[in-house]
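Since the structure comes first, as structure tokens, the remarks are kept for the end.
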Amino acid sequence: MQLAVIDIIIIGLYMALSVGIGVWLSRKASQNIRTYFLGGNQLPWYYLGLSNASGQFDVGGTMWMIYLLFIYGLKSVYIPWLWPAFNQIFLMVFLSLWLRRSNVMTGAEWISFRFGNSRGAEFAHQVIVVFALLVVLGYLAYSFVGAGKFAAGIMPWQLSADPHTNEIFYGLILTAITTVYVVKGGMFGVVLTEVVQFFIMTVACIAIGVIAMMQVSPEMLSAAVPEGWSSMAVTHTLDLDWSGILDSANQKIINDGWSLFSVFFMLVLLKGILQSLAGPAPNYDMQRILSARTPVEAAKMSGVVSLVLLFPRYMMITGLTVLALVFFAEDLRAMGPDVDFEAILPFALANYVPAGLLGLVLAGLLATFMSTFAATVNAAPAYVVNDVYKRYINPDASQKTYVRLSYAVSLFFVVLGTVIGLFVPSLNDFILWMVSALYGGYTAANILKWYWWRFNGVGYCLGMLAGIVAAIPLMFTDVSPLYAFPFLFAFCLLASVLAALLSKPDDMDVLKQFYLKTRPWGFWAPVHTALEQEQPGIRRNTDFVRDMVNCAVGLVWHTALTAAPIFLVIKHWPEFFVAVAVIACATIYLYLNWYRHLKNTPEDAPAEQNDVALSAAR
Numbered sequence: 001m002q003l004a005v006i007d008i009i010i011i012g013l014y015m016a017l018s019v020g021i022g023v024w025l026s027r028k029a030s031q032n033i034r035t036y037f038l039g040g041n042q043l044p045w046y047y048l049g050l051s052n053a054s055g056q057f058d059v060g061g062t063m064w065m066i067y068l069l070f071i072y073g074l075k076s077v078y079i080p081w082l083w084p085a086f087n088q089i090f091l092m093v094f095l096s097l098w099l100r101r102s103n104v105m106t107g108a109e110w111i112s113f114r115f116g117n118s119r120g121a122e123f124a125h126q127v128i129v130v131f132a133l134l135v136v137l138g139y140l141a142y143s144f145v146g147a148g149k150f151a152a153g154i155m156p157w158q159l160s161a162d163p164h165t166n167e168i169f170y171g172l173i174l175t176a177i178t179t180v181y182v183v184k185g186g187m188f189g190v191v192l193t194e195v196v197q198f199f200i201m202t203v204a205c206i207a208i209g210v211i212a213m214m215q216v217s218p219e220m221l222s223a224a225v226p227e228g229w230s231s232m233a234v235t236h237t238l239d240l241d242w243s244g245i246l247d248s249a250n251q252k253i254i255n256d257g258w259s260l261f262s263v264f265f266m267l268v269l270l271k272g273i274l275q276s277l278a279g280p281a282p283n284y285d286m287q288r289i290l291s292a293r294t295p296v297e298a299a300k301m302s303g304v305v306s307l308v309l310l311f312p313r314y315m316m317i318t319g320l321t322v323l324a325l326v327f328f329a330e331d332l333r334a335m336g337p338d339v340d341f342e343a344i345l346p347f348a349l350a351n352y353v354p355a356g357l358l359g360l361v362l363a364g365l366l367a368t369f370m371s372t373f374a375a376t377v378n379a380a381p382a383y384v385v386n387d388v389y390k391r392y393i394n395p396d397a398s399q400k401t402y403v404r405l406s407y408a409v410s411l412f413f414v415v416l417g418t419v420i421g422l423f424v425p426s427l428n429d430f431i432l433w434m435v436s437a438l439y440g441g442y443t444a445a446n447i448l449k450w451y452w453w454r455f456n457g458v459g460y461c462l463g464m465l466a467g468i469v470a471a472i473p474l475m476f477t478d479v480s481p482l483y484a485f486p487f488l489f490a491f492c493l494l495a496s497v498l499a500a501l502l503s504k505p506d507d508m509d510v511l512k513q514f515y516l517k518t519r520p521w522g523f524w525a526p527v528h529t530a531l532e533q534e535q536p537g538i539r540r541n542t543d544f545v546r547d548m549v550n551c552a553v554g555l556v557w558h559t560a561l562t563a564a565p566i567f568l569v570i571k572h573w574p575e576f577f578v579a580v581a582v583i584a585c586a587t588i589y590l591y592l593n594w595y596r597h598l599k600n601t602p603e604d605a606p607a608e609q610n611d612v613a614l615s616a617a618r
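Counting from 1, one number per residue, gives the positions in the sequence shown under the UniProt record's numbering.
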């Protein structure tokens, strides 16, 4: 891709700004490990929300979603439920409140808060550290692959004659630049940089959507896609036939295994609900929640992610897709069965974005990689330093020692994640394994930890181990991780329940402390009864029905926020206005039935629990 001088200057200024923010904040970030990992719980919820949205707006995922919209049309709005994309709804409605009330620093520390310090709890603590670091390595490898492929396609300088080697070189360069500001700036640097990146990305996204609207008419698009492409209807079969338009797309649909679309829809909905009920995986999403000043701010932070992320992101995804459908289809057909849909992004940028704006768009897209990578790198040392070194090796070290060790751990994981990324053959295959297999193994044990008092550290440890062990072979087989999920979930659920029932219950004092602070709904009657003897009149959480209705409305809201920008860019005005009306009605409902009911602590909570933020910033 040929870049004008103005484009190169814009990209260079953006890179310099990102590094400069990290260096500028390094003194503030290095005060202690709570400041380094959680920003000292001083960051406002709207900063954290924009940062979290920026962290989820990655270039690899964007390339994948362009592929999905290209092949599956409007039905592709359901496919990201594989993550599940709508888990932010469950977080904003109740889980962020529950999680932030713990006042811990990491997901592994939360395990000790939930299960105590018994031998089983120690094992549970150790297994979640292992899982968290596996997730970190997976995201780092995934980000490295996506960034290298994207940068090699858009940068004008060919560093090697071999395309794959070129991708590696660019991936290494971007990784090195991002690592500098993450390691130096900690959570302060990550959040402030990502807020800047979010606004750059938003401008870039809107610009691409508008360009596509100007270049492609509804008639041009209709001639380039099969019948049913613009329908969101969930039919029994996919009913998309690309024959004569792009024959290789039919083979892609067969390879993905989603032709029986009603079955696929029910599986991703079931899987998405179960994984959402399990709470966030121990990655950057959880760190943002734990960084919030109060539980209410944690909930609002989770809510703002969907509101600010989906519309601009899907304007860009749709804009790039429709430009490719109309103007790049001939090139894709020429590739034959080896068609590379990941080439759509650089093609559309090179041919349809003018100089000056192109530099801003490219800076925004590079920011999507850097924000995801930065958030992930920041999570890794939190587990190693806080949950391994401080807990087991040197609990009395100085704060400077912990922060310096965090630098070293960050660098180590960057290098290791990059090495793994060199062996990842396909973004699509890797994403599917991550979201369906590895997270699938995470689900059962992490549902039980919230909602069943009898679930203990032994059950959690063996349930998680069962999930990890069962997920790894799926990466090396042709078995679809999605269709394997029900069996994986059942296996892990059985292992979790049997292990819990065949071992001693956790200490009742630990359970009472967890229940008193968190106040979850679910099967907690024995713990509630024990607390009533000490604190007569303590109230149960009776919000289950309201929370579930709010989640259902939130799912509709989330889906409409995804569909509306697609309808806008392809100029399907009746569908667009219906989507906007749904968004408006759902927003009003959630304001009345969710937002107005948010509380930092239960009404009958002890006095010392009433100011979580003050306690967190001690």
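Cβ coordinates follow ideal geometry from the N, Cα and C atoms, glycine included.
| Item | Value |
| --- | --- |
| Compute the Euclidean distance between the alpha carbons of Asn41 and Gly257, then round it to the nearest angstrom. | 44 Å |
| For the 8 Å Cβ check, are there 3 or more pairs between the segment 567-584 and the segment 264-273? | no |
| Whether or not the segment 123-143 and the segment 456-467 are in contact is what I'm after, with contact meaning three or more pairs of Cβ atoms, one per stretch, closer than 8 Å; do they touch? | yes |
| Can you grab the Cα-Cα spacing for the pair Met322 / Ala334, in whole Å? | Position check: residue 322 holds Val in this sequence, whereas Met was assumed. Each residue's alpha carbon lies about 18 Å from the other. |
| With a 10 Å radius around its C-beta and 16 neighbouring C-beta atoms as the bar for buried, classify Gly336 as buried or exposed. | exposed |
| If you drop the 5 nearest sequence neighbours on each side, which residues of the same chain put their C-beta closer than 6 Å to that of Tyr589? | Val553 |
| Write down the C-beta distance between Met301 and Arg288 rounded to the nearest angstrom, noting that I regard them as a contact closer than 8 Å. | 6 Å |
| What is the DSSP secondary structure of Trp157, reduced to helix, strand or coil? | coil |
| Between the alpha carbons of Leu365 and Thr559, how many angstroms are there, rounded? | 24 Å |
| Could you confirm whether any beta carbon from chain D is found closer than 8 Å to the beta carbon of Trp64? | You won't find chain D in this structure, because it holds only one protein chain. |
| Cutting at 7 Å between CB atoms, please list the residues of its own chain near Glu534, excluding the five before and the five after it. | none |
| Considering Cα atoms alone, identify which of Leu17, Trp83 and Leu345 is closest to Ile208. | Leu345 |
| Under the rule that 16 or more other beta-carbon atoms within 10 Å means buried, what is Glu297, buried or exposed? | buried |
| Hey, how far is the Cα of Thr179 from the Cα of Val414? | 8 Å |
| Between which two residues does the alpha helix (DSSP H) harbouring Asn87 extend? | Asn87 to Phe90 |
| Relative to the alpha-carbon of Val549, which residue among Ile273, Ile447 and Ala581 has its alpha-carbon at the smallest distance? | Ile273 |
| Under three-state DSSP, which class holds Arg618? | Confidence at Arg618 is low in this model, with a pLDDT of 45, below 50, so its placement is unreliable and the value that follows should be read with caution. Coil at Arg618, not helix or strand. |
| May I ask you to verify whether the segment 224-239 touches the segment 73-85, counting CB pairs closer than 8 Å and requiring at least 3? | yes |
| Report the residue ranges of all alpha helix (DSSP H) runs contained in full by the segment 211-259; include only those spanning at least 4 residues, in chain order. | 218-224 and 247-256 |
| Closest by CA to Met201, which one among Val361, Leu448, Ile393 and Ala408? | Val361 |
| Taking the straight line between their C-alpha atoms, what separation do you get for residue 635 and Ile211? | Any question about residue 635 goes unanswered here, given that the chain covers just 1 to 618. |
| Taking 8 Å as the cut-off, does the segment 92-101 touch the segment 495-509 (at least 3 CB pairs, one atom from each stretch)? | no |
| Give me the residue from Leu494, Leu493 and Ala563 with the minimum Cα distance to Ala581. | Ala563 |
| Per DSSP, Trp452 is paired with what? | Phe523 |
| Less than 8 Å between the beta carbons of Arg539 and Pro602, yes or no? | yes |
| For the segment 539-570, list the beta strand (DSSP E) runs that are entirely contained and at least 3 residues long, ordered along the chain. | none |
| Out of curiosity, what's the CA-to-CA distance linking Phe261 and Arg391? | 48 Å |
| Near Ala444, which residues of its chain fall below 6 Å by C-beta distance, leaving aside the five closest residues on each side in sequence? | Gly463, Phe489, Cys492, Leu493 and Ser496 |
| Please classify Asp509 as buried or exposed, where buried requires at least 16 neighbouring CB atoms within 10 angstroms. | exposed |
| Please classify Thr418 as buried or exposed, where buried requires at least 16 neighbouring CB atoms within 10 angstroms. | buried |
| On the three-state DSSP scale, how would you describe Ser112? | helix |
| Given this structure, state the Cα-to-Cα distance separating Val203 from Gly359, to the nearest angstrom. | 12 Å |
| Give me, in chain order, the residues of the same chain whose beta-carbon lies closer than 7 Å to that of Met213; leave out the 5 immediate sequence neighbours on both sides. | Val569 and Lys571 |
| Cα-Cα, which of Arg114, Leu422 and Asn456 is closest to Gly148? | Leu422 |
| Indicate the three-state DSSP secondary structure (helix, strand or coil) for Leu277 in the structure shown. | helix |
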